[in-house]
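Presented below is the structure to which this report refers.
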RNA sequence: GCGGGCGUGUUGAAAUUGGUAGACAACCCAGACUUAGGAUCUGGUGCAGCAAUGCGUGGGGGUUCGAGUCCCCCCGCCCGCACCA
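In our numbering, the protein residues as written are 53 to 972.
In structure tokens, the structure reads:
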């Protein structure tokens, strides 16, 4: 019997599906293990060979853990709401629901061919009302809670109302917007609208006006992580800053906990660092500067991390968008300031970034008083100060901040050095080190001492306080788009009012045109009767990250109609033990999910503070493009090695008609009508193509479809090869060239069992050497899987197989465990052989072979021997010898005579179990 | 600029964490078998040299009996953030 992978693979895939082999339920008799893949957005292009890389790794891990006796939850679903389907709908008029369903069907059939052990009974789709009911539910909960900084926890909004009624808001330490202080009496006097406005400032999901990323081309606002370098991540369109009233999530309230939580996680240091940078905690102080404009005086608060440098403040700067700007602009400067504001407003985010070193600004006309020196310093306005960070106003210390320095040089403002011996004639001295001077009571202190001393001083004087600032901003949560979750919010007399929970899910109405409505409103304005109880419903929808923020919880209990997840299911599965996915979600999904989970934790819905215990980032698989070279103006193509002798054009050629960089000439002629009559200039009778590593994409004809690999080599070969390609975390180009190696390995493995029609396995007892090979392999594979070193474990199988082949091994005692060991990697062939070995149950329920150290421990060790630092020989010696005996045995050894001869031995250094060094 | 990571044959990569560098594959070469095939098997394959041997992990220095691995400097590449006060 030959290794007929096509028959074997379809047989077992059908069997796994019909017998629901991988269906799991809570089972308190077994330890749980939750392995999760980042669920895919089902795009129209289908899966290419890079997508399954992480899925294969997680599948190997799942199958391995299952064999080790764990109850493994390994689900899959689809992140099915999103922009591309809607953009496609705008172009073609096809409803996103239809295209999404078709794409999902395609994804599913592609995944099925690879032989994953998912429990498909738990499949979820974020666009399914039964699923997004719970996305909407979580939103309502966030709307109904506020964040109490004192107990670092979300609390019900009713409790806040009680506090307001009793004592006003002065004693409340909440994460909230700008709210003036009010008393209980004032609260009682507020009307309904006023109260709603105040409460809105406290809610965790709130409607608020801020500068947002507005993308005119997509017609929607975007979150910070959806914008890269001033362009939208989806589509690459320009993004501008705009003030808008939008739904937001108060993620910033959780900044500290999001930061602290990182400590306990088994994530890579670089990923944690990315999140730390994104959260951007910085410790410093707020300080009051009195600013006079004509006869009016204002208290302007600034934020600084360098309180020690107050004595060097020579001017102040406001962000152009700061609300202080109109108040602090003097009559005489009004025109100049207006002109500057106009200029800075016109710039897109991208232009602003491109001109980072271009210093611009305008004098406001007013002066601030340095609170420590009493000196008057001018107040300027410049776009180098950002409105969104700190207070939108800074004290400028040109001597010790490079940006202030550049500004001071440009506008001829004074520069006062504050650190002994520093030279600020050419550039600022930004380092936080040295001894203070020109700084009154701080003189003589080091910078490290001076910072707290300065803050203590301003705190005592009542003109400042310690303050921690975060870069993390609240997440903009509305999108002026159709294909997303509708908000369960209606507007009663203009007041945002939550729908009752019983109204969930609020289903997305079907519409036929997906462009914004004539009045500029989102597409949902086109839906007839889009109202609740005759009140208009919110017309924007939720962003992509809404549906993906808690999906891992829903897998625990996907059918539950009365709760996001039942307490029982949540307490059993708890958190994700292993999460595999790309780094691109570092500052998006992985922040939002953690935030969402912490909120659910606060309100008692989940029992773990962190959702993803261990996280592994698989690398991207790039494409390897091939080129042919057409001689200009002809239909003749010249081989790579000869192309420099002609004037040629480089043309991408479909990698599927190229093998080992050799072009299949006949296939090429059929590939495109233009090339039907192509002629070739060959080298050595072959056409050699050029190549380059590029992103895998249709336009470069370098997309390799996993279906094709399954057709010609089988899923088991694909799985092994993807792992063999290199370390999981590393990005690497896909190159089909080496795939024959692993395919050959599987064929050889098969031949250990069947040679022709002959069944090779016997019941002869295994020899010592064979057992040694087996147990070395068990040990290696086990530690490699736990350490995510899948490439080396594939190698280990090849080494073991070569060794067993040499030993002519046919013993069931060896081969049966081999089948179990290999099954996580190549499940189909192993199931087939397992059955042939006489087993009725699926191999998934076999027991993982136990590693026996006694078979691999050597009683002797081959000592490398160096003479004068050079390796000269290897001598096998018993492990039980003492260093003295080792030395004697080595010196007496024949193998060394040649190197030592008659010379006197000066010194012998013996490292037991390692090496013997001889110095002569 | 700041942060994280990396640099080993023609190629993908190993190296028990300080112990004979290049395992295992791909490519290439030679041979065997053959129903002549992109099947299978065997052997070779870091570089130089007929050989003994010498040289080899981006470059330079250091620690050590011993360094791909640890320390310092330099060069190069990748990723993330970037006027965050």
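Beta carbons are placed, not taken as given, at the ideal position from N, Cα and C, and that holds for glycine.
Quiz item: Where DSSP assigns a beta bridge to residue 543, which residues make up the other side?
Solution: Residue 543 pairs with 548.
Self-check item: Option nearest residue 166 by Cα separation, candidates 763, 690, 938 and 317
Solution: Selected option, being the one with the closest Cα: 763.
Quiz item: Given 8 Å as the limit, is there contact between the stretch 825 to 839 and the stretch 886 to 904, that is, 3 or more CB pairs closer than that?
Solution: By the Cβ criterion, the stretch 825 to 839 is in contact with the stretch 886 to 904, since at least three pairs of Cβ atoms, one from each stretch, lie closer than 8 Å.
Quiz item: Candidates 560, 919, 252 and 144: which alpha carbon is nearest residue 547's?
Solution: Among 560, 919, 252 and 144, the Cα nearest to that of residue 547 belongs to 252.
Quiz item: Whose CA, out of 780, 539 and 943, lies closest to the CA of residue 632?
Solution: Selected option, being the one with the closest Cα: 780.
Quiz item: What beta strand (DSSP E) runs, 3 residues minimum, are completely inside the stretch 250 to 311?
Solution: Complete beta strand (DSSP E) runs here, min 3: 257 to 267, 272 to 274 and 292 to 301.
Quiz item: What are the residues that DSSP puts in a beta bridge with residue 89?
Solution: According to DSSP, residue 89 bridges with 632.
Self-check item: Any non-hydrogen atom of the ligand MG within 8 Å of residue 546 CB
Solution: Only the bare structure without any ligand can be found here, which leaves the ligand MG out of the picture.
Practice problem: Give the DSSP-derived three-state secondary structure of residue 199 in the structure shown. | Solution: Note: residue 199 maps to strand in three-state DSSP.
Exercise. With a 10 Å radius around its C-beta and 16 neighbouring C-beta atoms as the bar for buried, classify residue 114 as buried or exposed.
Key: With 16 or more other Cβ atoms from the protein chains shown falling within 10 Å of its own Cβ, residue 114 counts as buried.
Quiz item: According to the Cβ coordinates, are residue 751 and residue 795 closer than 9 Å?
Solution: In this structure, the beta-carbon distance from residue 751 to residue 795 does not fall below 9 Å.
Quiz item: Can you tell which of 563, 593 and 570 has the C-alpha that lies nearest to the C-alpha of residue 580?
Solution: Residue 580 has its Cα closest to that of 563, out of 563, 593 and 570.
Practice problem: Could you pull the start and end residues of the beta strand (DSSP E) that residue 664 belongs to? | Solution: 664 to 669 is the extent of the beta strand (DSSP E) around residue 664.
Quiz prompt | CB contact flag (residue 419, residue 343, <9 Å) | solution = It is a contact, given that the beta carbons lie within the stated cut-off.
Quiz prompt | Length-filtered (3 minimum) beta strand (DSSP E) runs lying within the stretch 569 to 644 | solution = Segments of the beta strand (DSSP E) lying fully in the stretch 569 to 644: 628 to 633.
Exercise. Please name the residue or residues paired with residue 718 in a DSSP beta bridge.
Key: DSSP, once it has assigned bridges, lists no residue as partnering residue 718.
Quiz item: Going by the CB atoms, is the gap between residue 471 and residue 487 shorter than 9 Å?
Solution: Yes, the pair counts as a contact, with Cβ atoms nearer than the cut-off.
Quiz item: Start and end of the alpha helix (DSSP H) containing residue 115?
Solution: DSSP places residue 115 inside the alpha helix (DSSP H), whose first and last residues are 104 to 119.
Quiz item: According to DSSP, what are the bridge partners of residue 806?
Solution: According to DSSP, which records beta bridges pairwise, residue 806 is partnered with 811.
Practice problem: Count the other C-beta atoms from every protein chain shown that fall within 10 angstroms of the C-beta of residue 423, then say buried if there are 16 or more, exposed otherwise. | Solution: In this structure residue 423 is buried. Its beta-carbon is surrounded by 16 or more other beta-carbon atoms within 10 angstroms.
Quiz item: Should residue 749 be labelled buried (16 or more other beta-carbon atoms within 10 Å of its own) or exposed?
Solution: It is exposed - the Cβ of residue 749 has fewer than 16 other Cβ atoms within 10 Å.
Practice problem: Give the secondary structure of residue 891 by DSSP, where H, G and I count as helix, E and B as strand, and everything else as coil. | Solution: Residue state, collapsed to three classes: coil.
Practice problem: Out of 147, 177, 573 and 143, point me to the one whose CA is closest to residue 601's CA. | Solution: Minimum Cα distance to residue 601 is reached at 177.
Quiz prompt | Opening and closing residue of the beta strand (DSSP E) in which residue 516 lies | solution = If you look at residue 516, you'll find it in the beta strand (DSSP E) that goes 516 to 521.
Quiz item: Does the distance from the CB of residue 185 to the CB of residue 557 come in under 9 Å?
Solution: In contact: residue 185 and residue 557 (Cβ atoms closer than 9 Å).
Exercise. Please classify residue 231: does DSSP put it in a helix, a strand, or coil?
Key: If DSSP states are grouped into helix, strand and coil, residue 231 belongs with coil.
Exercise. Apply the 10 Å Cβ neighbour rule to residue 508 and answer buried if 16 or more other Cβ atoms are within range, or exposed otherwise.
Key: Burial call: exposed.
Quiz item: Assuming residue 776 and residue 707 make a contact with CB atoms under 8 Å, what is their CB distance in whole Å?
Solution: Cβ atoms of residue 776 and residue 707 stay farther apart than 8 Å, at about 19 Å.
Quiz item: Just how far apart, CA to CA, sit residue 611 and residue 77?
Solution: Spanning the two alpha carbons is a distance of roughly 13 Å.
Exercise. Would you mind stating whether residue 609 and residue 616 have Cβ atoms separated by less than 9 Å?
Key: Yes, the Cβ-Cβ distance between residue 609 and residue 616 is below 9 Å.
Practice problem: Take every Cβ of the stretch 591 to 605, pair it with every Cβ of the stretch 535 to 550, and state whether three or more of those distances are shorter than 8 Å. | Solution: Yes, they touch.
Quiz item: Just checking my contact of residue 301 with residue 256 at CB under 8 Å: how many whole Å lie between their CB atoms?
Solution: Correct: roughly 7 Å between the Cβ atoms.
Self-check item: Supposed contact pair residue 742 and residue 692 - C-beta distance, whole angstroms, cut 8 Å
Solution: Your pair residue 692 and residue 742 checks out as a contact, with CB atoms roughly 5 Å apart and the cut at 8 Å.
Self-check item: Simplified DSSP assignment, three categories, for residue 329
Solution: Looking at residue 329 - three-state DSSP - the assignment turns out to be helix.
Quiz item: How about the stretch 310 to 323 and the stretch 201 to 208: do they share at least three Cβ pairs that are nearer than 8 Å?
Solution: No, the stretch 310 to 323 does not touch the stretch 201 to 208.
Practice problem: May I ask you to list the residues that DSSP assigns as paired with residue 84? | Solution: For residue 84, DSSP records a beta bridge to 123.
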